[in-house]
Each structure stands twice: as structure tokens, then as C-alpha cells.
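Here this note's numbering is used: the first residue of the sequence shown is 15, the next is one more, and so on.
Glycine included, C-beta positions come from ideal geometry on N, C-alpha and C.
On a predicted model such as this, the values are computed, not experimentally measured, just so you know.
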Amino acid sequence: MPKKFSLINEDSGARLGKILTSRGVIDTPAFMPVGTVGTVKALTVDQINQTGSQVILCNAYHLYLRPGIERISRIGGLHEFMNFNKPILTDSGGFQVMSLSKNTKITEEGATFNSHIDGSKIFISPEISIDIQKKLNSDIVMVFDECPKYSKDKISIKESMNLSIRWAKRSKIEFGHNKEKMLFGIIQGGVFNDLRKECLLKLTDIDFDGYALGGLAVGETQNEMFNTVEEISHYMDKYKPRYVMGTGTPGDLLGAVKRGVDMFDCVLPTRTGRTGLAFTWEGKVNLRSQINKDNDDPLDQKVNCPASNLYSKNYLNHLINSNEILASTLISWHNIAFFQDLMKKIRNSIKVGKFQEFYQEYFEKLNY
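Below you can see the structure in the form of C-alpha cells.
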């Protein structure tokens with residue numbers, strides 16, 4: 015394969031690029047819908063494709079616990095299991111080990127915890143995590159890291175960061191040399207910019223195909239997140255993709271793109287969709303609200319999606335308040351289509367050198 019990332023243009027801090035995988039090109043900046051357990055909740059693969067999504071994220075931790083890796087690997091991996099033929103990024107599960115599991119014990123060797131499903135005792139090391147992701151046959155693999163909760167305790171954050179660096183090195187050794195797939199390092203360090211820089215420099219010495227900012231969207235303010243991204247971006251390899259994990263709102267995406275980020279993932283479009291909240295170019299729409307029961311307008315005609323154009327707010331209000339399954343499908347479908355429409359417009363604005371104008375026009379409107 016040729017080089018795995020091409021930087022095409024830069025404009026007002028924003029970057030236009032392409033990630034090259036064996037299953038297709040990912041134009042960046044890119045947003046990844048989250049298919050945690052092998053499904054983007056409430057949507058079919060065809061619906062995901064219709065939104066313009068180029069890549070999705072699945073979670074190795076969840077798939078390891080259920081249905082189990084052997085059931086997936088025996089038919090070739092996640093793509094065959096899901097019938098999804100575009101690139102897939104797998105998260106290593108470090109965040110879930112810390113946030114979902116009970117009685118988690120961290121040692122130099124790895125993490126021991128009780129499954130959140132049945133309470134059984136599980137052990138995952140960097141080597142086991144990479145082996146799981148190899149068997150899932152994902153296109154972009156994440157190192158196994160410790161993702162601490164938001165904290166101002168610099169000493170504990172540094173200890174955790176150093177452990178993640180050592181685990182990253184072991185992850186790289188286990189991953190080996192693979193021209194077809196990409197391995198991303200994860201930069202930790204909390205909101206301490208000097209620790210983030212130290213972590214990045216040590217990960218750069220190990221040498222990864224891309225670099226992710228972990229430990230964000232865990233309780234810090236938006237300004238703290240933006241500051242962390244902006245400060246670390248000065249030291250990141252210009253010719254490798256940059257990924258902020260778990261972010262975020264439309265305003266988060268615009269602000270992070272302005273600070274040089276190429277990739278994002280978040281459960282927000284589908285999680286809020288299941289509650290009746292829709293993202294539109296005119297702001298958020300609470301479809302549960304009775305204000306919409308007499309509104310026969312479509313959700314957002316500016317978004318190229320059947321769910322956005324063909325169903326009235328009146329009808330969607332009826333569905334969500336009747337607890338109909340179709341409500342989750344239609345609103346989630348629209349939300350992901352809106353996020354992809356936003357990313358496409360961002361890419362086009364960078365391409366023609368007008369990102370700053372686009373940012374100024376939409377940041378306040380979309381920062382809800």
C-alpha cells in the first residue's frame with residue numbers, strides 16, 4: 015500500500031486529508047458513528063451507508079465479552095459479521111474497563127476486572143487487546159491504555175500516563191509490522207499540557223500510524239478540551255492523522271477541526287436520537303415536545319436523508335411519545351446524516367480556503 019495518510023490542504027488551522035485503508039479511502043475531517051457491539055443502534059448497514067458515513071467504530075471490550083471473538087473471527091472478522099464493507103476502527107476497551115467494569119485492578123501486566131454482563135473475572139493486557147483486535151480484523155487498531163477519570167491530581171494522572179506509555183510500547187510489539195492496517199497511539203495526560211506533550215513525544219519515539227487524544231470528554235469543560243487540543247497540536251506529526259476520542263457535539267467538532275483534528279467518534283447522534291432529540295442546521299429540536307404536534311414540516315430539508323425530508327415533526331412527535339421503535343430509527347438516522355453533512359461542508363470549506371468563514375457563520379449556531 016502507499017502511505018496511509020495524505021495531507022491535502024490546510025486552512026485557518028483546519029486540515030483536509032485522506033486516510034488510505036485496504037477497504038477504502040476516508041476523507042478527513044471525518045466523523046465515525048459508534049457501533050459499539052457490532053451495530054450502530056437502531057440502524058441497518060444500508061441506512062448507515064446512506065448517511066455518507068465512511069468508517070464506523072466498534073468496541074473490542076464489548077465484543078470480547080459478547081458474542082465472543084471466536085464467533086466473529088471464524089467467518090473472517092467484523093466486516094463479514096456485520097455485512098459492512100467500509101473501514102472499521104476498533105477501540106481497545108481501555109475506557110470501558112475503567113468506566114463499566116467492577117472491582118477493576120490495574121497492574122503493570124494489565125487490567126483484571128469483573129464483567130459488567132455476568133460478573134465473571136476477566137483479564138486484559140496490551141497483548142490480549144491487540145490480539146482481540148487482530149481477530150476482529152479491523153482496519154484501524156487502538157493501543158490498550160488506562161483512561162483515568164477527570165482529575166486535577168497531577169501526580170496520579172502522570173502515573174497513569176506513564177503506565178499507558180509502557181502499555182503502548184507493548185501494544186506496538188504485539189501488533190508487529192502490518193502494511194494493511196493502522197495502529198494508533200493514545201495520548202494521555204489529562205488537562206495538563208506538559209504531561210500531554212511528554213506523552214506525545216514518547217509515543218512518537220515508539221512510532222504509530224496515527225495519534226489519538228484520549229481522556230477527553232470525561233468531565234472537562236469545552237474550553238479546557240479546546241485548550242488541550244490546541245496546545246498539543248503544535249507538537250504532533252503533521253503527516254499523521256489526529257483523532258479526538260469520544261467527541262462530541264457539533265460545536266465540539268467545529269472547534270476541534272479548527273485546532274487541527276482529523277477524526278472524531280461519539281454516541282451522541284444515536285443516544286440523543288433514541289430520546290427524541292434531533293440536531294438540525296437551525297438548532298436542536300426536541301421531538302417529544304408538544305410544540306411539534308401541529309408542525310407538519312419535515313425535520314430538516316437541508317440534510318440529504320429520507321428521515322430528514324420525508325417525515326413531519328408532527329409524525330415523529332407521535333412516534334417518540336408512543337414509544338415506537340421506528341422513532342429511534344428515524345431520528346438516529348437523521349442525526350448521523352446531519353453530522354455527516356456537517357463534516358462534508360467542513361471538508362468543502364477547507365478545500366476552497368473558506369473554513370474560517372464557515373466557522374464564524376456556524377460555530378455559535380451549532381454550539382448547543
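Going by DSSP, threonine 343 is part of the alpha helix (DSSP H) stretching over 339-365. Residue pairing by DSSP places glutamate 24 opposite Arg29 in a beta bridge.
In terms of CA proximity to valine 39, Ser67 leads the group Val51, Ser67 and Val54. In this structure, DSSP gives threonine 126 an extended state, which the three-state scheme calls strand. Nearest C-alpha to valine 54 among Glu188, Thr242, Ile350 and Thr121: Ile350. In the three-state DSSP reduction, alanine 292 falls in the strand class (E or B). Comparing alpha-carbon positions, the option among Phe222, Asn362, Tyr382 and Phe369 lying closest to threonine 294 turns out to be Tyr382. Short of 8 Å from the beta carbon of isoleucine 339, and not among the five residues preceding or following it, lie these beta carbons of its own chain, in chain order: Ala56.
Comparing alpha-carbon positions, the option among Ile70, Phe158, Arg85 and Lys166 lying closest to lysine 186 turns out to be Phe158. Taken in chain order, the complete beta strand (DSSP E) segments of 3 residues or longer contained in the stretch 77-140 are 102-105, 116-120, 125-128 and 135-138. Burial check for valine 366: the Cβ neighbour count within 10 Å stays below 16, so the residue is exposed. Beta-bridge partners assigned by DSSP to asparagine 300: Leu291. The C-alpha of lysine 327 lies about 41 Å from the C-alpha of serine 247. The C-alpha of cysteine 161 is placed about 13 Å away from the C-alpha of valine 258. Note: threonine 35 is bridge-paired with Gly38 in the DSSP secondary-structure output. By the neighbour-count criterion, in which a residue is buried when 16 or more other Cβ atoms sit within 10 angstroms of its Cβ, phenylalanine 137 is exposed.
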